[in-house]
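**Q** Residue numbers (the working numbering), protein chains in the order written: chain W, 1 to 85; chain A, 86 to 315.
For glycine and all other residues, C-beta sits at the position ideal for the given N, C-alpha and C.
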Amino acid sequence: MSSMFRMVGKQLKTHPSLIPLFIFIGGGATMSMLYLGRLALKNPDVSWDHKNNPEPWNNIEPNQQYKFFTVNTDYSKLKKDRPDF
Amino acid sequence: MAYPLQLGLQDATSPLMEELIQFHDHTLMIALLLSTMVFYTILTTVTTKLTNKNMLDSQGIETIWTIAPALILILIAMPSLRVLYMMDEVNNPHLTVKTIGHQWYWSYEYTDYKNLEFDSYMIPTQDLIPGQFRLLETDHRMVVPTDSPVRMLITADDVIHSWAVPTLGEKMDAIPGRLNQTTFVVSHPGVFYGQCSEICGANHSFMPISVEAIPLIHFEDWSTSMLAKI
Chain W
1 MSSMFRMVGK QLKTHPSLIP LFIFIGGGAT MSMLYLGRLA LKNPDVSWDH
51 KNNPEPWNNI EPNQQYKFFT VNTDYSKLKK DRPDF
Chain A
86 MAYPLQLGLQ DATSPLMEEL IQFHDHTLMI ALLLSTMVFY TILTTVTTKL
136 TNKNMLDSQG IETIWTIAPA LILILIAMPS LRVLYMMDEV NNPHLTVKTI
186 GHQWYWSYEY TDYKNLEFDS YMIPTQDLIP GQFRLLETDH RMVVPTDSPV
236 RMLITADDVI HSWAVPTLGE KMDAIPGRLN QTTFVVSHPG VFYGQCSEIC
286 GANHSFMPIS VEAIPLIHFE DWSTSMLAKI
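(1) Going by alpha carbons, who is nearest to Val71/W out of Met171/A, Ile152/A and Tyr125/A?
(2) Could you name the residues of chain W that Ile152/A contacts, counting a contact when the two beta carbons are closer than 7 Å?
(3) When the cut-off is 8 Å and only beta carbons count, does Pro54/W lie next to chain A?
(4) Are the Cβ atoms of Asp258/A and Ile245/A separated by less than 8 Å?
(5) Between Leu128/A and Lys134/A, what straight-line distance do the alpha-carbon atoms span, to the nearest angstrom?
(6) Starting from Trp191/A, trace the alpha helix (DSSP H) in both directions and tell me its first and last residue.
(7) Taking 8 Å as the threshold (beta carbon to beta carbon), is Thr30/W in contact with chain D?
(8) Please return the same chain residues whose Cβ sits closer than 8 Å to the Cβ of Gln38/W, not counting the five positions on each side in sequence.
(9) So with CB distances below 7 Å, who are the chain W contacts of Thr148/A?
(10) Hey, could you find the ends of the alpha helix (DSSP H) Gln266/A is sitting in?
(11) Quick check on Lys100/W: does DSSP put it in helix, strand or coil?
(12) CB Ser272/A to CB Pro154/A, shorter than 8 Å?
(13) In three-state terms, what does DSSP make of Ser290/A?
(14) Kindly indicate which three-state DSSP category His187/A falls into: helix, strand or coil?
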């Protein structure tokens, strides 16, 4: 495993144009994994704790932002206008 | 609406579609520029008199053609994700319309205040009056008020259909047993057409959608007259 890194390190010295490649591919892979982790842990469609919170999709607050990014919606300003269960 | 030999997207009738058209133009321009550059490069490579029998490499050009495409992709991804998240926002609808796809017609239900339900069949070609559009006109149009966010709840009764109106930037599958939601705002009055967009049997091409947008003050007149008629 470490011999693989040593081999790549040797090639980087003679081919420095590989460095941007590592940056972009590594960055892309990292961002994808981070987003997948966020989906696994914070998406209300996913249920991990079957005893305490078996159905998170039923416990979403009216002003809870469950999406990663909003353009026009300010979730803190939303009102609750539906009945409780 | 669509016209013969059309190449591009239909003009936008909703703010979302305007965003989609802008994103499409941005991305298509990048694609055309890149294609032109590649075509020119191939042309010069194929017609050159220069020859070299050794292996060639260059760190400089490799760095450039790693960084430049990555930057271009980021420039495409940022507006793309912005429009994608914008399409998912539910912007406090004033009205909810339910539409159910059947073989081979759409039915619409306006149940916010009174129970207005009606079916929308295509007008057969032999029954068209001059000026009407073949395979697009329906006997009852789905009427919505302009400048009002409308929520569509879409499902189907038998097989999968798809409710699509290109000028509004709308397409949502109608799946039996599932309720799909989409929202739109119609910017100006008019009649806007679409066609079923999921193969659903013999008359899949003959179950169009027509949406008529009228100012809000006239909308109640329409719904009252429809309730009296149905």
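**A** Once the coordinates are examined:
(1) Translated into positions along the first sequence, residue 71/W becomes position 71. Considering only alpha carbons, the answer is Met171/A.
(2) As a first step, residue 152/A is located in the second sequence; it is residue number 67 there, counting from the start. Contact annotation for Ile152/A against chain W: Pro20 [CB-CB distance below 7 Å, chain order].
(3) As a first step, residue 54/W is located in the first sequence; it is residue number 54 there, counting from the start. Judged by the 8 Å Cβ criterion, Pro54/W is not in contact with chain A.
(4) For this step, residue 258/A is matched to residue 173 along the second sequence. For this step, residue 245/A is matched to residue 160 along the second sequence. The answer is yes: Cβ separation under 8 Å.
(5) As a first step, residue 128/A must be located in the second sequence, where it is residue number 43. As a first step, residue 134/A must be located in the second sequence, where it is residue number 49. Roughly 12 Å between the two C-alpha positions.
(6) Residue mapping note: residue 191/A aligns to position 106 of the second sequence, counting from 1. No alpha helix (DSSP H) holds Trp191/A; the beta strand (DSSP E) holding it covers Tyr190 to Tyr195.
(7) No chain D is present in this structure, whose protein chains are W and A.
(8) Start at 1 with the first residue of the first sequence, and residue 38/W comes out as number 38. A small correction: the amino acid at residue 38/W is Arg; Gln does not occupy that position in the sequence shown. Within the same chain, Arg38/W has close Cβ partners Phe68.
(9) By one-based count along the second sequence, residue 148/A stands at place 63. The answer, in chain order, is Ser17 and Pro20.
(10) Sequence index remark: in the second sequence, residue 266/A carries index 181 (1-based). Under the DSSP assignment, Gln266/A falls outside any alpha helix (DSSP H), being part of the beta strand (DSSP E) whose first and last residues are Asn265 to Phe269.
(11) No information on residue 100/W is available, as it lies outside the stretch 1 to 85 that chain W covers here.
(12) As a working note, residue 272/A is residue 187 in the second sequence. As a working note, residue 154/A is residue 69 in the second sequence. Against a cut-off of 8 Å, the Cβ pair of Pro154/A and Ser272/A comes out as no contact.
(13) As a working mapping, residue 290/A is identified with position 205 in the second sequence. Helix at Ser290/A.
(14) Residue numbering aside, residue 187/A sits at position 102 when the second sequence is read from its first letter. If DSSP states are grouped into helix, strand and coil, His187/A belongs with the strands.
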